[in-house]
Amino acid sequence: MASSMTSPPAVSDRFDLGIHTPANLNREARAALLQNSPAIVNGPVGVSPGLGRTAQTPSSPLNAATTAAATEGAERANPTSIFEQPISIIKSANDLARERVEEYNAKLMVFQAFCAKFEEAAQQFTAGPQRRFARQFADSFLGTWKQELSGDASASKPTYSSVAASPPTDRARPTPQHQQQQQHRQSDPLHRQGQQSTIAPPRQDLRVFIRLEAGAPARAHSGYAIRTLIREKLGAVSDKIRQVFEVRSGWAILAADLETRDFLVEKRAEWAAELGAMAVETNKEWHTYVVSHFPRRLTDFRGNEVDSDSVVSDEVEIQTGLKPVDIRTGRQFSDNPLTKTLLVSFLKPTKRFWSLFGSRAARLIDKTVQPKQCETCWDYHFARNCRRQPVCRRCGKTDHIADGCAAPEQCVNCLGPHEASLRKCPARPKKVRGVLRRLTKEQREHVRMVGAETYRQRYSETQLETHMETQQGASELRRGDIGLDEQPDAHAPSPAASGAPSNRYSQTRKNDKKPLKVFQANVGKIPPAHDCALALADSERYDIVLLQEPWTAHTKARCLTKTHSAYDTFTPVDMWNSNDTRPRVMTYVRRDPRLLADQIRPFETRDILWITVNGMTIANFYRQNDEKDALNTLLRWPVPERCLVAGDFNARHHSWQTGQATHQEQMPPLQMASKEKSTGAFLHWVERLDPLTLVVYSDGSLSSEGAASYGFTIHQNNVPIFDGSGRLGPAEVFDAEATGALEGLKAALNLQGSAAQNIFICLDNLAAATCLRGTPSDSSQDVFLEFQALAASHGATQVLWVPGHSSIPGNEQADKLAKAASSLLEPEGALPTLAYLRRIARQKPKEAFETWWSTSAPEQYKRLNLKATTGCPPELTLPRAALHHLLAARSLHGDFAAYHERFDHGDARLVCSCGRRKAPDHIFYCRKVPPRHRMRLAPSPNAAVNLAVGKDFTKFTDLSKDSAFFGKICPRY
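Residue numbers are given in my numbering: position 760 of the sequence shown equals residue 745, and the series is strictly consecutive.
(1) Which whole-angstrom value describes the C-beta separation of Arg608 and Phe634, a residue pair presumed to lie in contact below a C-beta threshold of 8 Å?
(2) Counting beta carbon pairs with one atom in the stretch 803 to 819 and one in the stretch 665 to 682, are three or more of them shorter than 8 Å?
(3) Could you please give the first and the last residue of the uninterrupted beta strand (DSSP E) stretch that includes Glu394?
(4) By a C-beta neighbour count over all protein chains shown, 10 Å radius and 16 as the cutoff for buried, is Leu669 buried or exposed?
(5) So, is Arg586 buried or exposed, given that buried needs 16 or more other C-beta atoms within 10 angstroms?
(6) State buried or exposed for Asp351, treating a residue as buried only when at least 16 other CB atoms are found within 10 Å of its CB.
(7) In angstroms with no decimal places, state the Cα-to-Cα distance between Gly952 and Trp837.
(8) Hey, Ile596 and Phe606: beta-carbon distance below 8 Å or not?
(9) What does DSSP give as the partner residues of Asp292 in its beta bridges?
(10) Provide the residue span of the alpha helix (DSSP H) that contains Cys100, from first to last.
(11) Who are His700's beta bridge partners in DSSP?
(12) Quick one: what does DSSP say Cys628 is sitting in, helix, strand or coil?
(13) Suppose you measure from the CA of Ala666 to the CA of Arg373; what does that come to, to the nearest Å?
(14) Just confirm the distance between the C-beta atoms of Ser791 and Asp720, as a whole number of angstroms; I'd bet it's less than 8 Å.
(15) Measuring only the C-alpha atoms, how far is Ser139 from Ile211?
(16) Trp236 lies in the beta strand (DSSP E); which residues open and close that run?
(17) Tell me, which residues are paired with Met601 by DSSP?
(18) Give me the Cβ distance between Arg379 and Ala368, rounded to the nearest whole Å; I'm assuming they're in contact under 8 Å.
(19) Residue range of the alpha helix (DSSP H) that Thr755 falls in?
(20) Using the Cβ count rule (16 or more neighbours within 10 Å means buried), how would you classify Ala101?
(21) Buried or exposed for Asp977, going by 16 or more other Cβ atoms inside 10 Å?
(22) Identify the continuous alpha helix (DSSP H) that holds Phe719 and give its terminal residues.
(23) Please determine, among Ala604, Ala520 and Ile699, the residue with the shortest C-alpha to C-alpha distance to Leu616.
(24) Which residues in the same chain have their Cβ closer than 6 Å to the Cβ of Thr335, if we skip the five residues on either side of it in sequence?
(25) Grab the span of the alpha helix (DSSP H) containing Leu802 for me, first residue to last.
(26) Determine contact between the stretch 240 to 252 and the stretch 215 to 229, defined as no fewer than three beta-carbon pairs at a distance below 8 Å.
(27) Is there a C-beta anywhere in chain B that falls below 8 Å from the one on Phe194?
(28) Decide yes or no for the touch test of the stretch 528 to 546 against the stretch 558 to 569: beta carbon pairs closer than 8 Å, at least 3 of them.
(29) Pick from Pro859, Val896 and Thr326: whose alpha carbon is nearest that of Gly935?
(30) When you compare each of Cys544, Phe555, Val574 and Ala716 to Ser563 by their alpha carbons, which one comes out closest?
(31) Distance, Cα to Cα, Asn27 vs Lys131?
(32) Please report the straight-line C-alpha distance between Arg85 and Lys92, rounded to a whole angstrom.
(33) Whose C-alpha, out of Ser406, Arg712, Asp388 and Leu81, is nearest the C-alpha of Gly691?
(34) Could you please give me the residues that DSSP links to Cys544 through a beta bridge?
(35) Residues bridged to Thr782 by DSSP?
(36) In terms of residues, what are the limits of the alpha helix (DSSP H) holding Arg887?
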């Protein structure tokens, strides 16, 4: 029986009923399990049809019944049959081939029928977008059928609805692909969410450019007007135009897709004519190469000069194999007047190195995008479309602007203690392998965390509270902690820019009781005095150096000052580009582990520098003569407990300085600010004047023919009421300025009621204004004395300086009157002024020397084209040995073979170590000179040599020095 084939259970079976078990239990269980189920012929015994699921344990009644059913079926099969039927697949293969042929013929018949109808329908679309769409549909149709007939159609991806609608057996039975996926699922590499697995194709440029001339009327239209014109001409295609915006060459149209862009270019003749467009085109990328040292002039074999610009295009095409789209001269000034720089543009990059007529190798200009910073929110993006709330550049807050902000500096991007416009901000986009990349979210969070901590360390809570409070008075200095000496001092750049951790300067050592030695001096912006102060302070082991009026300089990219290896340099400003922005104080702190220094900036000023050293605040102060801003700032500063203020106050006292005793009695300086600031201040001052006040504007002029003239105009309540002009004899502009001021004052005093009115004389010559107010000069002295007498008799006359050519109406009018008066006749009997005679005395000897030099200069000097001068030429700055070799090459009197032979020098060495005869120009041709030091003799060797020995003599001296030519290659003996 089937029950006898089951194994006894290892434990007691809860389904065993003992003597009460029915006799036919196994048969009835088998019939119940096999009801409504498909027959299993070759299936494995004990394996569930579910995916990857095994049979139950042998002790299970369900498993026992299934096993019994399979066993009984096997016993009914013919047990005595030993031989099996042979395998044959011919009939099945023929049936399969017949089915495939019938299916292919059916597909082909349907395809031909559709093609015939499609051909008939496509005949009616012959032009425009309809034909283009019909072509796209035809290509898609053919592609689909090609894939279908070739049998490459990929299985469609099942959807949730199709799987749910399929029979249960179909869903339960896994496909071979599904089984393979299940097997390899564990071996697939991990893929993070959001990770890009494929590189997206580059974005297409959908812009259409309308090129217009500089003064074309279409430039005055708006983007909406351009769009309406396209709608009138082309109809509904304008609905696919996203934006019309202005560019430097005209207008740009941004299309929605590639078809619209191409259609606009194709139909440009219908809509671009009314705009006066020179061209309508898509964006074309140019590859531009710079060709330096291109010769300005070329000569053919006969010596005839050829215009190099006329043959450069053909030469470029010969060298590169590409036709250039544009050739232009570079803006950069060339040191060599015989060469220039060309910019050559192609539509494709060249495949090899090339040059033109002996020029340097062409170099591709690879323009990298610089990070643009929005001046509204100070984030790194273009400001044109910024709609964010304005942010203060200084403190990063949103309720004010940076002009009047006195809060501590904090960057809105990195939260560090600096302004948002700092070029070295850590949050600024970085250039990686030539590509500008913004910080990632994680990098930005890290930068902001570090910046916030740096800001907290620099501006501690006590300093922030002290900055906001308005305390008065000063605290006593603990003399046991500091010793003050007075000596010259030194120098400046800020350690804040060095990237050193700020906590190194923000902590103090409480156990350090050694007194600080402080050195203070004014070095007067003199470089040797600055160096001497730093050296002296270092030799005497001073800890802190306080300097006023330090030496500074600047270039386009750098700010320069004096430094010392033993000191860290602090400056009140990080950058400067003129005398109006340069720092007036600098502080140096010795590099010593026991000195922990940090710079603080309670106020934005270049006259005061605050630092804290070991808990003590030290202020380095400088006050310009007759200026109150620095002193007012110092008095408004809340003084901390431990503090030292030292510097140059420019104070005075009647005990040791004669003159006016009080500042109120001193006349204000003529110029107190820069030209731009003075212009604004003067215009504001004029608007606030009393309506009856008289303002006299005077000016002088000297024409190209040497005619000196003056002009003046009188304004009252900003309205001109009187003017005049005149011509002088032999004089200078200085004399004309003084005469114009005198004549203007006379005219003002002759006006009715002028005796009771204030009169201001305004002129733009600072020297003349100074003499009108103070000591008269020896030139036109009688004019100055008469002016001062009239001003003293009136009692309410003042002289002011105004910036010239700054759009001040009165000054501009006086200037025009003075220039117009130069055409008048010279007064009879006019005597020359002393300034005129001095200029003639200086000019005549120079002219006489230049005339003599042009006729008497030696031939070897004429070819050098040297300018005659009676002063010290720049060659005298060379070392003695270098000057000797240069003058020998110019005069041909030196260690040369021809010179020795001329004077029969028997012991002289006539040849160089290379074997050639010594000559003045041999240094440029000697083969022993290393190639890296040789000079390019282009375009003409003689012209290049004459230039190097003449005006551009530094090339000669650098070549001889770098190659050691006269010391090793071509020695004297």
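Using N, Cα and C, we set each Cβ at its ideal position, and we do this for glycine too.
Based on what the coordinates show:
(1) Counted from its first residue, the sequence shown places residue 608 at position 623. Counted from its first residue, the sequence shown places residue 634 at position 649. The C-beta separation of Arg608 from Phe634 comes to about 5 Å, placing the pair in contact by the 8 Å criterion.
(2) The stretch 665 to 682 is not in contact with the stretch 803 to 819.
(3) Mapped onto the sequence shown, residue 394 falls at position 409. For Glu394, there is no enclosing beta strand (DSSP E), as DSSP gives it neither H nor E.
(4) What you label residue 669 is simply residue 684 of the sequence shown in a count that begins at 1. Before going further, note that residue 669 is His rather than Leu in the sequence given. Label assigned to His669: exposed.
(5) Translated into positions along the sequence shown, residue 586 becomes position 601. The residue in question, Arg586, is buried, as its Cβ has 16 or more Cβ neighbours within 10 Å.
(6) By one-based count along the sequence shown, residue 351 stands at place 366. Counting Cβ neighbours within 10 Å, Asp351 comes out exposed, since fewer than 16 surround it.
(7) Taking the sequence shown and counting its residues from 1, one reaches residue 952 at position 967. Taking the sequence shown and counting its residues from 1, one reaches residue 837 at position 852. Per the coordinates, the alpha-carbon of Gly952 lies some 38 Å from the alpha-carbon of Trp837.
(8) Walking along the sequence shown from the start, residue 596 turns up at place 611. Walking along the sequence shown from the start, residue 606 turns up at place 621. Not a contact, by the Cβ cut-off of 8 Å.
(9) Within the sequence shown, the letter at position 307 stands for residue 292. As a beta-bridge residue in DSSP terms, Asp292 pairs with Arg282.
(10) Along the sequence shown, read from residue 1 onward, the residue named residue 100 stands at position 115. Where Cys100 is concerned, the enclosing alpha helix (DSSP H) stretches over Ile75 to Ala107.
(11) On the sequence shown, position 715 is the one that residue 700 refers to. Answer by DSSP bridge pairing, in chain order: Val680 and Pro705.
(12) As a first step, residue 628 is located in the sequence shown; it is residue number 643 there, counting from the start. Note: Cys628 maps to strand in three-state DSSP.
(13) In the sequence shown, counting from the first residue as 1, residue 666 sits at position 681. In the sequence shown, counting from the first residue as 1, residue 373 sits at position 388. Pairing Ala666 with Arg373, the inter-Cα distance amounts to about 34 Å.
(14) Here residue 791 is taken as the residue at index 806 of the sequence shown, counted from 1. Here residue 720 is taken as the residue at index 735 of the sequence shown, counted from 1. With 8 Å as the limit, Ser791 and Asp720 do not qualify as a contact, their Cβ atoms being about 23 Å apart.
(15) Indexing the sequence shown from 1 puts residue 139 at position 154. Indexing the sequence shown from 1 puts residue 211 at position 226. Residue placement at Ser139 cannot be trusted, given a pLDDT of 46 that sits under 50; the coordinates are not used to answer.
(16) Locating residue 236 in the sequence shown gives position 251, where the first residue counts as 1. Looking at the DSSP string, the run of the beta strand (DSSP E) that includes Trp236 is Gly235 to Ala240.
(17) As a position in the sequence shown, residue 601 is number 616, starting the count at 1. Note: Met601 sits in a beta bridge opposite Val598.
(18) Taking the first residue of the sequence shown as position 1, residue 379 is located at position 394. Taking the first residue of the sequence shown as position 1, residue 368 is located at position 383. Actually they do not touch by this definition, with Cβ atoms about 18 Å apart.
(19) The residue you call residue 755 lines up with position 770 of the sequence shown. That run of the alpha helix (DSSP H) goes Leu751 to Arg758.
(20) Numbered from 1 along the sequence shown, position 116 holds the residue referred to as residue 101. Classification of Ala101: exposed, given that the 10 Å Cβ count is below 16.
(21) Beyond the ends of the chain as shown, which are -14 and 958, falls residue 977; an answer cannot be given.
(22) As a working note, residue 719 is residue 734 in the sequence shown. Counting along the chain, the alpha helix (DSSP H) containing Phe719 begins and ends at Val718 to Leu734.
(23) Counting from one through the sequence shown, the residue named residue 616 turns up at place 631. When Ala604, Ala520 and Ile699 are compared, the shortest CA-CA separation from Leu616 is found for Ala604.
(24) Looking up residue 335 in the sequence shown gives position 350. Thr305, listed in sequence order.
(25) In the sequence shown, residue 802 corresponds to position 817, counting from 1. Taken as a continuous stretch (DSSP letters only), the alpha helix (DSSP H) holding Leu802 covers Pro794 to Ala806.
(26) Flag = yes, the stretch 240 to 252 and the stretch 215 to 229 touch.
(27) Going by chain labels, chain B is absent from the structure shown, which holds only one protein chain.
(28) Judged by Cβ distances under 8 Å, the stretch 528 to 546 makes contact with the stretch 558 to 569, as three or more pairs qualify.
(29) As a working mapping, residue 935 is identified with position 950 in the sequence shown. It is Pro859.
(30) On the sequence shown, residue 563 is found 578 positions in, with the first residue counted as 1. Of the listed residues, the one whose Cα sits closest to Ser563 is Cys544.
(31) The sequence position of residue 27 within the sequence shown is 42, counting from 1. The sequence position of residue 131 within the sequence shown is 146, counting from 1. Unreliable positioning characterises Asn27 in this predicted model, as indicated by a pLDDT of 46, which lies under 50. The coordinate reading is nonetheless provided below. Going from the Cα of Asn27 to the Cα of Lys131 covers about 41 Å.
(32) As a working mapping, residue 85 is identified with position 100 in the sequence shown. As a working mapping, residue 92 is identified with position 107 in the sequence shown. C-alpha separation (whole angstroms): 11 Å.
(33) Counting from one through the sequence shown, the residue named residue 691 turns up at place 706. Ranked by Cα distance from Gly691, the options Ser406, Arg712, Asp388 and Leu81 are led by Arg712.
(34) As a working mapping, residue 544 is identified with position 559 in the sequence shown. His539, per the DSSP bridge assignment.
(35) Position 797 of the sequence shown, counting from 1, holds the residue named residue 782. Answer is Ile744.
(36) Residue 887 sits at position 902 when you count from the first residue of the sequence shown. Where Arg887 is concerned, the enclosing alpha helix (DSSP H) stretches over Ala882 to Arg887.
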